[in-house]
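Protein chains in written order, with the numbering used here: chain A, 1 to 186; chain B, 187 to 498; chain C, 499 to 929.
Ideal Cβ positions, reconstructed from N, Cα and C, are used throughout, including at glycine.
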Amino acid sequence: MPGRTLVEKRIIMDAATLDATLDRMVAGLAPLVADGKACLVGIQTGGAHLARRLQERFGVRGLPTPPLGVLDITLYRDDTFLGLQQPVVRHTDVPFEISGLDVILVDDVLYTGRTIRAALDALVDFGRPHLIRLAVLVDRGLREYPIQADVVGATISTVACETVQVELTEMGCATERVVIYERESR
Amino acid sequence: MTTRMNHLLGLEGVSREQIQTILDLGREFKAVGQRRIKKVPTLRGITVVLMFIEPSTRTRMSFEVAAKRLSADTLAFTASTSALSKGETLLDTTQNIMAMKPDVIVLRHAFSGAPQFLARNVDAAVVNAGDGQHEHPTQALLDMFTMQEKKGSLEGLEVAIVGDIRHSRVALSNLWGLTTMGAKVRVAGPRTMLPPHLDRFGAGVRVFDRIEPAIEGADVVMMLRIQKERMGKDLFPSDREYARFFGLDTAKLALAKPDAIVMHPGPMNRGVEITPEVADGGRSVILEQVENGVAVRMAVLYLLSAHLLEGA
Amino acid sequence: MRTRLANCEILDPEKGKRFWGYVEWENGVITAVKRAGPGMVDEPEGVELIDGRGHLLVPSFVDLYADFCEPGNEHREDVASGSAAAAAGGYTTVCVRPDTSPTIDGADTVRFVLERAAACGKVDVRPLGALSKNLAGETMAEIGEMAEAGVPALSEGDTYVARTGFLRRCMEYGTNFRLPILLTSEDPTLASGMAHEGYIATIRGLKATPVAAEEAAVARHVALAELTGARTHLLKITSAAAVRIVKDAKRRGLPVTASVTAHHLALTETSVADWSPAAKVWPPCRSEADRLALLAGLADGTIDAIVSDHAPRAIEDKELEFDLAVPGASTLELVWPILNRLVGAQELDLTTAIRALTLAPRRLLGMAGGSVAVGAPADLVLLDRASSWMVDAVSLASRSKSSPFLGTTFAGRTDMTLRGGRVTFARTSGR
Chain A
1 MPGRTLVEKR IIMDAATLDA TLDRMVAGLA PLVADGKACL VGIQTGGAHL ARRLQERFGV
61 RGLPTPPLGV LDITLYRDDT FLGLQQPVVR HTDVPFEISG LDVILVDDVL YTGRTIRAAL
121 DALVDFGRPH LIRLAVLVDR GLREYPIQAD VVGATISTVA CETVQVELTE MGCATERVVI
181 YERESR
Chain B
187 MTTRMNHLLG LEGVSREQIQ TILDLGREFK AVGQRRIKKV PTLRGITVVL MFIEPSTRTR
247 MSFEVAAKRL SADTLAFTAS TSALSKGETL LDTTQNIMAM KPDVIVLRHA FSGAPQFLAR
307 NVDAAVVNAG DGQHEHPTQA LLDMFTMQEK KGSLEGLEVA IVGDIRHSRV ALSNLWGLTT
367 MGAKVRVAGP RTMLPPHLDR FGAGVRVFDR IEPAIEGADV VMMLRIQKER MGKDLFPSDR
427 EYARFFGLDT AKLALAKPDA IVMHPGPMNR GVEITPEVAD GGRSVILEQV ENGVAVRMAV
487 LYLLSAHLLE GA
Chain C
499 MRTRLANCEI LDPEKGKRFW GYVEWENGVI TAVKRAGPGM VDEPEGVELI DGRGHLLVPS
559 FVDLYADFCE PGNEHREDVA SGSAAAAAGG YTTVCVRPDT SPTIDGADTV RFVLERAAAC
619 GKVDVRPLGA LSKNLAGETM AEIGEMAEAG VPALSEGDTY VARTGFLRRC MEYGTNFRLP
679 ILLTSEDPTL ASGMAHEGYI ATIRGLKATP VAAEEAAVAR HVALAELTGA RTHLLKITSA
739 AAVRIVKDAK RRGLPVTASV TAHHLALTET SVADWSPAAK VWPPCRSEAD RLALLAGLAD
799 GTIDAIVSDH APRAIEDKEL EFDLAVPGAS TLELVWPILN RLVGAQELDL TTAIRALTLA
859 PRRLLGMAGG SVAVGAPADL VLLDRASSWM VDAVSLASRS KSSPFLGTTF AGRTDMTLRG
919 GRVTFARTSG R
């Protein structure tokens with residue numbers, strides 16, 4: 001954020017906890033994936049990385065590997081573009097027909113619910129899923145839309161001036177963890 | 187991230203980063219056009235006016251599809267230039283259109299400088315869809331998009347542009363854009379169709395008066411349309427002579443690299459600047475240029491209007 | 499009634515002298531020119547005193563070519579408003595173009611313009627007589643009758659005489675009446691548009707005209723001057739090529755003279771780089787090399803005079819796309835500020851500039867004066883060389899406010915113009 005610095009406040013998960021949480025989520029999603037009619041769609045960018053990791057673990061457990069798609073929701077957002085900079089539209093690739101499938105929508109942090117609302121609109125433009133389930137690593141509360149996740153890694157309580165970031169090696173972070181930062185306003 | 191774009195009046199002075207942003211965005215928008223539902227709700231509530239003072243079906247349709255795929259509302263306004271010069275001035279016409287509160291005006295005009303004139307006098311984002319002999323930036327952007335898609339990178343790419351450079355705004359925009367992106371351009375045509383001072387575009391541009399040395403070793407061969415309706419006479423003696431010495435046929439194309447692509451902004455004069463065999467042949471990407479045009483124009487409309495969606 | 503103008507720096511272009519002093523006149527004729535220190539020292543009895551305020555005093559300017567648009571286009575300018583602009587610009591004599599509506603191609607239109615000028619009284623307005631009836635280039639106009647009615651010279655205005663043979667005949671006939679011919683030079687078949695064919699036109703997509711269009715026409719006119727012996731003046735040349743041809747013609751002793759506009763000495767093709775209709779003038783401003791050649795030509799005498807080419811245009815003429823805008827600019831009041839700036843930038847010598855505005859045009863028209871000397875007419879102008887001012891609609895007296903210099907700040911402007919000893923323009927009242 002221009003003009004603001006982030007101050008580290010609390011570490012919610014370290015690398016080991018993150019790993020264990022993903023395992024728990026996989027266990028929670030196993031029934032959905034078992035009959036081979038599911039697919040994973042990760043929301044760019046954190047959700048996409050996590051969706052990829054979940055996909056790998058299904059395979060390791062001997063479950064059917066659901067196909068993986070990534071979705072960028074920039075073109076479906078309803079909120080502000082936050083300033084004068086051009087928002088970056090990342091890659092969207094859903095290389096399979098989602099109609100009739102059980103879509104597991106994956107995101108890293110569930111907050112106001114607006115991102116999920118946009119993702120649902122985008123998914124519906126791709127086809128008519130049989131059902132959509134939402135899996136998130138962290139639910140930080142403060143919902144503005146009536147949206148809830150079906151599988152949650154961790155539920156925490158936050159305030160608006162805080163930001164929750166999931167730091168993964170895929171993003172270039174050295175240590176994997178989930179951190180709460182406080183936005184120090186100027 | 188790049189600084190906000192207020193208008194797209196030409197490619198002169200547009201930075202490498204800005205051009206690359208448009209091309210990258212174009213990729214995502216091309217993907218939208220390949221889905222079942224070729225639409226995203228991004229520009230809902232945005233009004234795009236298509237002011238085509240100089241008529242054009244293809245470019246207008248391309249912009250119209252681009253706007254509609256972004257869920258924007260479109261208004262088409264067409265008038266012949268003569269009607270305007272008889273009574274209502276461009277300024278008057280524009281003020282009438284401004285009453286409808288457009289967010290973006292896409293202008294095609296027979297006189298160069300008209301989009302700049304509009305941009306100075308209206309409170310909307312202006313896109314130049316071709317002004318006289320000056321620029322046609324979205325055409326050059328879609329040309330570069332096509333080249334980048336097929337060849338990977340524009341840096342160091344050998345591009346030959348052949349034809350009526352003097353009267354071609356497509357050529358001029360491509361010269362600006364390609365030299366900015368680091369491509370090497372060869373230009374060829376009858377001397378009557380080559381404007382002076384092309385060497386001022388820098389070391390990246392070489393001028394030839396025969397097509398063969400220009401095409402030799404090229405990665406891309408772009409043929410320009412001989413615009414019979416736009417120019418006066420005395421530029422070349424006959425179609426036959428033009429086709430023989432400056433037209434692209436299979437034999438001349440063999441001088442280019444074996445995997446060179448053939449481009450044309452359209453519409454083509456088959457048999458004059460390009461033979462049907464080459465136009466419909468395996469190296470031609472002419473039809474893809476049209477598809478890419480919609481994607482690139484979506485990217486441009488998006489970049490110009492995004493800031494208008496900032497929350498109340 | 500004797501009048502003394504003191505506290506000024508006098509520049510006499512004829513003798514090339516420059517000194518502080520005062521000038522006296524009576525009944526419109528200069529009676530004394532004396533050196534003195536700056537300041538209003540003496541206060542003799544019975545003499546009307548004018549304070550020169552330390553400004554430069556030179557003979558008044560004479561213009562060979564301006565458009566007062568009357569009859570026919572009074573919405574742009576008329577003889578009265580044009581005279582006001584001319585007086586404000588330091589001019590006491592202005593030759594006006596014959597390409598009005600109707601054309602000045604007969605004694606009656608000549609007399610009409612002279613009457614309008616007399617009614618206004620500020621400026622000695624002299625209508626130029628057209629070469630052909632209605633400027634059609636087909637039948638010769640009544641040149642003899644126009645000469646009798648008082649035209650100082652002949653001109654076809656901004657129109658190019660298509661038939662070279664016809665031009666020859668007109669020039670020959672003009673010699674019977676001792677009238678010089680003022681010609682503009684551009685071959686219309688070489689001209690595609692109103693910009694200079696160069697780099698700027700290429701990258702801005704402007705329809706353009708190459709130097710060759712002027713060069714070919716100038717060469718043609720020089721050849722006819724040689725053939726007919728007519729005194730031929732090449733108006734508002736713009737290129738190094740034209741300067742070269744004129745220099746050669748003079749070297750060979752041909753009766754050829756030339757003029758240049760102030761704006762062509764200051765501007766180049768870059769002035770239209772933003773498609774500004776206000777900068778659209780004809781002929782177009784060319785390359786920097788051409789501009790420097792014009793300055794050099796003025797310095798070495800190849801170019802004799804500076805001409806205003808005052809071409810007033812109404813708002814509706816200019817509020818259009820560049821291609822459709824009518825070319826022309828309001829220039830009379832900007833000639834001195836532009837030249838003063840060039841002198842300040844050391845691109846032009848002051849005495850050369852003054853000579854080109856005062857002495858040379860008078861000689862071309864066979865007029866007396868052009869010097870600050872005893873016996874010369876009291877046609878003078880006081881030039882402020884320092885006051886800073888901005889060009890805007892309010893500061894221009896012409897009906898037309900269109901100029902490439904709108905919004906420009908200049909140092910220097912005319913302060914007072916005197917014709918026959920009477921003040922026709924004063925920048926500040928009560929003097």
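What would DSSP say about tyrosine 145 of chain A, mapped onto helix, strand or coil?
As a first step, residue 145 of chain A must be located in the first sequence, where it is residue number 145. In the structure shown, tyrosine 145 of chain A sits in coil (DSSP, three-state: anything other than H, G, I, E or B).
Phenylalanine 126 of chain A CB to nearest chain B CB: under 8 Å?
Walking along the first sequence from the start, residue 126 of chain A turns up at place 126. Interface residue, yes.
Helix, strand or coil at isoleucine 73 of chain A [DSSP, three-state]:
Reading the first sequence from its first residue, position 73 is the one you call residue 73 of chain A. Coil, per DSSP.
Note down, in chain order, each residue of its chain lying with its Cβ closer than 7 Å to the Cβ of alanine 149 of chain A, except the 5 sequence neighbours on either side.
Position 149 of the first sequence, counted from the first residue, corresponds to residue 149 of chain A. Cβ neighbours of alanine 149 of chain A beyond the five flanking positions: Leu110, Leu134, Ala135, Val136, Asp139.
Hey, could you find the ends of the alpha helix (DSSP H) aspartate 606 of chain C is sitting in?
Working through the third sequence from its first residue, we reach residue 606 of chain C at position 108. Run containing aspartate 606 of chain C: 605-618, per the alpha helix (DSSP H) assignment.
Could you spell out the range, first to last residue, of the alpha helix (DSSP H) harbouring tryptophan 834 of chain C?
In the third sequence, the residue the question calls residue 834 of chain C occupies position 336. Run containing tryptophan 834 of chain C: 833-842, per the alpha helix (DSSP H) assignment.
Please classify arginine 784 of chain C: does DSSP put it in a helix, a strand, or coil?
Mapped onto the third sequence, residue 784 of chain C falls at position 286. Of the three classes helix, strand and coil, the one that applies to arginine 784 of chain C here is coil, per DSSP.
Could you tell me whether the Cβ of histidine 91 of chain A comes closer than 8 Å to any Cβ of chain B?
Along the first sequence, one-based indexing puts residue 91 of chain A at 91. Histidine 91 of chain A counts as touching chain B.
Alpha-carbon to alpha-carbon, aspartate 259 of chain B and valine 103 of chain A:
Within the first sequence, residue 103 of chain A is the residue found at index 103, counting from 1. Within the second sequence, residue 259 of chain B is the residue found at index 73, counting from 1. Between valine 103 of chain A and aspartate 259 of chain B, the C-alpha separation is close to 32 Å.
Using a C-beta to C-beta distance shorter than 7 Å, which residues of chain A count as neighbours of alanine 217 of chain B?
The sequence position of residue 217 of chain B within the second sequence is 31, counting from 1. Here the neighbours are Thr92.
Is DSSP giving arginine 246 of chain B helix, strand or coil here?
For this step, residue 246 of chain B is matched to residue 60 along the second sequence. In this structure, arginine 246 of chain B counts as helix in the three-state DSSP scheme.
Following the continuous beta strand (DSSP E) through methionine 424 of chain B, name the residue where it begins and the one where it ends.
For the purposes of this step, residue 424 of chain B is taken as the residue at position 238 of the second sequence. Note that residue 424 of chain B is serine in the sequence shown here, rather than methionine. First-last for serine 424 of chain B: undefined, no H or E at that position.
For proline 453 of chain B, does the count of other Cβ atoms within 10 angstroms reach 16, so buried, or fall short, so exposed?
In the second sequence, the residue the question calls residue 453 of chain B occupies position 267. When all chains shown are included, proline 453 of chain B counts as exposed.
Alpha carbons only, please: which of B:Ala262, B:Ala296, B:Val480 is nearest the one belonging to methionine 286 of chain B?
To locate residue 286 of chain B, count along the second sequence from 1; it is residue 100. Among B:Ala262, B:Ala296, B:Val480, the Cα nearest to that of methionine 286 of chain B belongs to B:Ala262.
Between glutamate 105 of chain A and chain B, is the shortest Cβ-Cβ distance under 8 Å, so that the two count as touching?
The residue labelled residue 105 of chain A in the question sits at position 105 within the first sequence. In the sequence on display, residue 105 of chain A carries leucine and not glutamate. Chain B contact via Cβ: absent.
Mapping the DSSP letters down to three states, classify methionine 538 of chain C as helix, strand or coil.
Looking up residue 538 of chain C in the third sequence gives position 40. Three-state result, methionine 538 of chain C: coil.
Using a beta-carbon distance below 8 Å, is aspartate 121 of chain A in contact with chain B?
For the purposes of this step, residue 121 of chain A is taken as residue 121 along the first sequence, with counting starting at 1. Judged by the 8 Å Cβ criterion, aspartate 121 of chain A is in contact with chain B.
Could you spell out the range, first to last residue, of the alpha helix (DSSP H) harbouring valine 486 of chain B?
As a first step, residue 486 of chain B is located in the second sequence; it is residue number 300 there, counting from the start. Note, valine 486 of chain B: alpha helix (DSSP H), 472-491.
How big is the Cα-Cα spacing for alanine 586 of chain C and leucine 793 of chain C?
Working through the third sequence from its first residue, we reach residue 586 of chain C at position 88. Working through the third sequence from its first residue, we reach residue 793 of chain C at position 295. Cα to Cα, the separation comes out at about 25 Å.
Near tryptophan 913 of chain C, what residues of its chain come up, given a Cβ to Cβ distance below 6 Å and the 5 sequence neighbours on each side ignored?
Your numbering for residue 913 of chain C matches position 415 in the third sequence. For the sequence presented, residue 913 of chain C should be read as aspartate rather than tryptophan. Result list for aspartate 913 of chain C: His553, Leu880, Asp882, Arg925, in chain order.
Cβ-based burial, glycine 388 of chain B [other Cβ within 10 Å; buried from 16]:
Taking the second sequence and counting its residues from 1, the one referred to as residue 388 of chain B is at position 202. Label assigned to glycine 388 of chain B: exposed.
Tell me the DSSP secondary structure of arginine 117 of chain A in three-state form.
Position 117 of the first sequence, counted from the start, is the residue given in the question as residue 117 of chain A. If DSSP states are grouped into helix, strand and coil, arginine 117 of chain A belongs with the helices.
6 Å CB neighbourhood of valine 592 of chain C in its chain, flanking five on each side removed
Counting from one through the third sequence, the residue named residue 592 of chain C turns up at place 94. Same-chain partners within the cutoff: Asp561, Ala564, Ala584, Val621, Val623.
Could you check which residue in C:Tyr658, C:Ile508, C:Ser901, C:Glu524 has the C-alpha nearest to that of arginine 551 of chain C?
Working through the third sequence from its first residue, we reach residue 551 of chain C at position 53. Ranking the options by Cα distance to arginine 551 of chain C, first place goes to C:Ile508.
If we count the other Cβ atoms within 10 Å of its Cβ and call it buried at 16 or more, is glycine 403 of chain B buried or exposed?
Counted from its first residue, the second sequence places residue 403 of chain B at position 217. Under this definition glycine 403 of chain B is an exposed residue.
Are the CB atoms of glycine 349 of chain B and methionine 330 of chain B nearer to each other than 8 Å?
On the second sequence, position 163 is the one that residue 349 of chain B refers to. On the second sequence, position 144 is the one that residue 330 of chain B refers to. Contact: no.
Taking the alpha helix (DSSP H) that tyrosine 697 of chain C belongs to, which residues open and close that run?
Here residue 697 of chain C refers to the residue found at position 199 when the third sequence is read from its first residue. Run containing tyrosine 697 of chain C: 697-702, per the alpha helix (DSSP H) assignment.
In angstroms with no decimal places, state the Cα-to-Cα distance between alanine 679 of chain C and aspartate 815 of chain C.
Start at 1 with the first residue of the third sequence, and residue 679 of chain C comes out as number 181. Start at 1 with the first residue of the third sequence, and residue 815 of chain C comes out as number 317. This sequence places isoleucine at residue 679 of chain C; alanine is not what is there. C-alpha separation (whole angstroms): 29 Å.
Nearest to arginine 917 of chain C by alpha carbon, out of C:Cys506, C:Glu543, C:Trp523?
The residue you call residue 917 of chain C lines up with position 419 of the third sequence. Nearest of C:Cys506, C:Glu543, C:Trp523 to arginine 917 of chain C, Cα basis: C:Trp523.
With distances taken Cα to Cα, identify the nearest neighbour of arginine 377 of chain B among B:Pro462, B:Arg352, B:Thr366.
Reading the second sequence from its first residue, position 191 is the one you call residue 377 of chain B. For arginine 377 of chain B, the nearest C-alpha among the options comes from B:Arg352.
Can you pull the chain B neighbours of glutamate 640 of chain C, defined as C-beta to C-beta under 9 Å?
In the third sequence, residue 640 of chain C corresponds to position 142, counting from 1. Near glutamate 640 of chain C there are no residues of chain B at all, since even the closest Cβ is about 37 Å away, more than 9 Å.
Return the CA-CA distance between phenylalanine 81 of chain A and threonine 243 of chain B, expressed in angstroms with no decimal places.
Position 81 of the first sequence, counted from the first residue, corresponds to residue 81 of chain A. Position 57 of the second sequence, counted from the first residue, corresponds to residue 243 of chain B. Legend: pLDDT at phenylalanine 81 of chain A = 45, less than 50; position of this residue unreliable, value from coordinates given subsequently. Their backbone Cα atoms lie some 34 Å apart in a straight line.
When the Cβ atoms of the region 217-230 of chain B are set against those of the region 294-303 of chain B, are three or more pairs found closer than 8 Å?
no
With threonine 755 of chain C and aspartate 802 of chain C assumed to form a contact (beta carbons below 8 Å), what rounded beta-carbon distance in angstroms separates them?
In the third sequence, the residue the question calls residue 755 of chain C occupies position 257. In the third sequence, the residue the question calls residue 802 of chain C occupies position 304. Indeed, because the Cβ distance is near 5 Å, the residues count as touching under 8 Å.
Return the bridge partner residues of glutamine 165 of chain A from the DSSP annotation.
Against the first sequence, residue 165 of chain A aligns to sequence position 165. Paired residue(s): A:Val179.
Neighbouring residues, chain C, relative to glutamate 321 of chain B (Cβ below 8 Å):
The residue you call residue 321 of chain B lines up with position 135 of the second sequence. Chain C residues near glutamate 321 of chain B: Gly703.
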